[in-house]
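Asker:
Numbering (our numbering), first residue to last: 136 to 552.
#1: Quick check: the Cα distance between residue 319 and residue 470, rounded to an integer number of angstroms?
#2: So, residue 143 versus residue 166, is the Cβ gap smaller than 7 Å?
#3: May I ask you to verify whether the segment 180 to 194 touches the segment 269 to 281, counting CB pairs closer than 8 Å and requiring at least 3?
#4: Can you tell which of 222, 481, 472 has its C-alpha closest to the C-alpha of residue 462?
#5: Considering residue 354, what are the terminal residues of the alpha helix (DSSP H) in which it resides?
#6: CA-CA distance, residue 227 and residue 300?
#7: Between the alpha carbons of residue 236 and residue 260, how many angstroms are there, rounded?
#8: Who does residue 253 pair with in a DSSP beta bridge?
#9: Just checking my contact of residue 322 with residue 308 at CB under 8 Å: how many whole Å lie between their CB atoms?
#10: Per DSSP, residue 325 forms a beta bridge with which residues?
#11: How would you call residue 213, buried or exposed, if buried means at least 16 neighbouring beta carbons within 10 angstroms?
#12: Does any CB atom of chain D fall closer than 7 Å to the CB of residue 354?
#13: Restricting to Cα atoms, I'd like to know which of 266, 168, 182 is closest to residue 360.
#14: May I have the straight-line CA-CA distance separating residue 456 from residue 396, to the nearest angstrom?
#15: Can you tell which of 498, 434, 487, 504 has its C-alpha closest to the C-alpha of residue 204?
#16: Going straight from the alpha carbon of residue 517 to that of residue 348, what length do you get?
#17: Do residue 507 and residue 489 come within 7 Å of each other at the CB atom, strictly closer than that value?
#18: Let me know if residue 325 comes out buried or exposed under the rule of 16 or more other beta-carbons within 10 Å of its beta-carbon.
#19: Could you work out which residue in 401, 339, 341 is closest to residue 364 when comparing CA atoms only?
#20: Considering only their Cβ atoms, is the gap separating residue 380 from residue 223 smaller than 7 Å?
#21: List the whole-angstrom C-beta distance separating residue 295 from residue 140, where the pair is believed to meet the contact cut-off of C-beta under 8 Å.
#22: According to DSSP, residue 413 sits in a beta bridge with which residue or residues?
#23: If you check the beta carbons only, do residue 447 and residue 465 fall under 7 Å apart?
#24: What are the boundary residues of the beta strand (DSSP E) that includes residue 468?
#25: What do you reckon, are the CB atoms on residue 286 and residue 168 nearer than 7 Å?
#26: Give the secondary structure of residue 242 by DSSP, where H, G and I count as helix, E and B as strand, and everything else as coil.
#27: Determine the burial state of residue 405: buried for a count of at least 16 other Cβ atoms within 10 Å of its Cβ, exposed for fewer.
#28: Relative to the C-alpha of residue 160, which candidate in 498, 250, 504 has its C-alpha closest?
#29: Put residue 397 into one of helix, strand or coil per three-state DSSP.
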């Protein structure tokens, strides 16, 4: 029957694109639906670059997904026969007992990940672009890399189409309900689709529009990202073969991340705060300018850490994090709708995990056991706690988040780790 599928994927950001790619190899009839255009910039997956690292300071529970993702990123690059992964290495800097340094060392040791621990003088010697403070320590992971984000996502969609998937852009899903076959979908265009299973990866829109059972456990937040240009004569220090992806934990707890420019159309080094400058916000289709005080704040930190970069960013743009209360992922099967599987929130650090999460969702949708256990990311962990969205637990780098009022703003460009 026309409009009847084995699996439908709703939302084609990086998680949905990955799920579509992986499920298309397992099913005959697969459909992907996205409310906007193929390269829109309204969610969390657009932009030129993302970070991949396995010495994960956030904890070893992420390692199985990271190991699987590493294999699949390399598989995708080989399938596409173009450069997607830029082997920059990664450096994670802070004081000796900082979350970033101590956590990266612990995960690297437990996971058998190649790494080195450097003093501040060793860091400056290896990467002279960094003006790290006295007493700081760095963990260097040579296997870390930058991902060509937009090209990778479009490559996943292309591979899905090559395997027989159908993709429909510009048509949002307005209703989900169970049916005799599995699930029935209604769309804004008036079309109705049926599927044996549905995968929902709609980012910040997942709770309000599609799976209300998740709404109490997620909060979209607007967060800016910035681009900095090297000063004249110092461009070589920040090239992708000389400058690593990095995390830097400031003494006051601010966590900075950065990626060298890996494509010719990226205006400079991409840098942003992971745990600062977040404002709760409803997702919308507007380009919201960045607050001027955020521009001033990051200019100060970047000016101190990278004196060979121009102090003021040349571009800035807001994007979305979709956060869970503990900053970890929400992945699993819906309790309210049978044969429905989801991934959100990804809490601002999910892109690197997308191939493994997409593959796990694809396996569940066709009745197979995922290669990697998702038990640690089940929404069940929140079902017996207060329904109110709460700040992250003590020790989290995001515990200082606060609701902020708009001030004067500055316009600009794309986004995060």
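Every residue, glycine too, gets a C-beta built ideally from N, C-alpha and C.
Values in this document were obtained by computation on a predicted structure and should not be read as measured data.
Answerer: Quick look at the numbers:
#1: Looking up residue 319 in the chain shown gives position 184. Looking up residue 470 in the chain shown gives position 335. Straight-line Cα distance between these residues: approximately 16 Å.
#2: The residue you call residue 143 lines up with position 8 of the chain shown. The residue you call residue 166 lines up with position 31 of the chain shown. Result yes, Cβ atoms of residue 143 and residue 166 sit closer than 7 Å.
#3: yes
#4: To locate residue 462, count along the chain shown from 1; it is residue 327. The residue with the shortest Cα to Cα distance from residue 462 is 481.
#5: Counting from 1 along the chain shown, the entry for residue 354 is found at position 219. Secondary structure note for residue 354: it is in no alpha helix (DSSP H), and the uninterrupted beta strand (DSSP E) holding it is 354 to 363.
#6: Indexing the chain shown from 1 puts residue 227 at position 92. Indexing the chain shown from 1 puts residue 300 at position 165. Using only the alpha carbons, I get a separation of about 40 Å.
#7: For the purposes of this step, residue 236 is identified with residue 101 of the chain shown, where counting begins at 1. For the purposes of this step, residue 260 is identified with residue 125 of the chain shown, where counting begins at 1. Looking at the two C-alpha atoms, the distance is approximately 19 Å.
#8: Translated into the one-based positions of the chain shown, residue 253 becomes position 118. Bridge partners of residue 253: 273.
#9: Position 187 of the chain shown, counted from the start, is the residue given in the question as residue 322. Position 173 of the chain shown, counted from the start, is the residue given in the question as residue 308. About 6 Å; that satisfies the 8 Å criterion.
#10: Taking the first residue of the chain shown as position 1, residue 325 is located at position 190. According to DSSP, which records beta bridges pairwise, residue 325 is partnered with nothing at all.
#11: In the chain shown, the residue the question calls residue 213 occupies position 78. Exposed, by the Cβ-count rule.
#12: Protein chains in the displayed structure number just one, and chain D is not present.
#13: By one-based count along the chain shown, residue 360 stands at place 225. Residue 182 is the option with its Cα nearest to residue 360.
#14: For the purposes of this step, residue 456 is taken as the residue at position 321 of the chain shown. For the purposes of this step, residue 396 is taken as the residue at position 261 of the chain shown. Using only the alpha carbons, I get a separation of about 22 Å.
#15: Locating residue 204 in the chain shown gives position 69, where the first residue counts as 1. That would be 487, whose Cα lies nearest to the Cα of residue 204.
#16: In the chain shown, residue 517 corresponds to position 382, counting from 1. In the chain shown, residue 348 corresponds to position 213, counting from 1. Approximately 11 Å between the Cα atoms of the pair.
#17: Taking the chain shown and counting its residues from 1, the one referred to as residue 489 is at position 354. Taking the chain shown and counting its residues from 1, the one referred to as residue 507 is at position 372. In this structure, residue 507 does not lie closer than 7 Å to residue 489 by Cβ.
#18: The sequence position of residue 325 within the chain shown is 190, counting from 1. Residue 325 should be labelled exposed.
#19: Sequence index remark: in the chain shown, residue 364 carries index 229 (1-based). That would be 401, whose Cα lies nearest to the Cα of residue 364.
#20: Within the chain shown, the letter at position 88 stands for residue 223. Within the chain shown, the letter at position 245 stands for residue 380. Their beta carbons are under 7 Å apart, which means residue 223 touches residue 380 by this criterion.
#21: Reading the chain shown from its first residue, position 160 is the one you call residue 295. Reading the chain shown from its first residue, position 5 is the one you call residue 140. In fact, because the Cβ distance is near 13 Å, the residues do not count as touching under 8 Å.
#22: Residue mapping note: residue 413 aligns to position 278 of the chain shown, counting from 1. Answer is none; residue 413 lacks a bridge partner.
#23: Numbered from its first residue, the chain shown carries residue 447 at position 312. Numbered from its first residue, the chain shown carries residue 465 at position 330. No, Cβ-Cβ distance for residue 447 and residue 465 is not below 7 Å.
#24: As a working mapping, residue 468 is identified with position 333 in the chain shown. Start and end: 466 to 468.
#25: The residue given as residue 286 occupies position 151 in the chain shown. The residue given as residue 168 occupies position 33 in the chain shown. No.
#26: One-based indexing of the chain shown puts residue 242 at position 107. In the structure shown, residue 242 sits in a helix (DSSP, three-state: H, G or I).
#27: By 1-based counting over the chain shown, the position of residue 405 is 270. Counting Cβ neighbours within 10 Å, residue 405 comes out buried, since at least 16 surround it.
#28: Position 25 of the chain shown, counted from the first residue, corresponds to residue 160. Cα-wise, what sits closest to residue 160 is 498.
#29: The count along the chain shown starts at 1 and reaches residue 397 at position 262. Here residue 397 sits in coil by DSSP.
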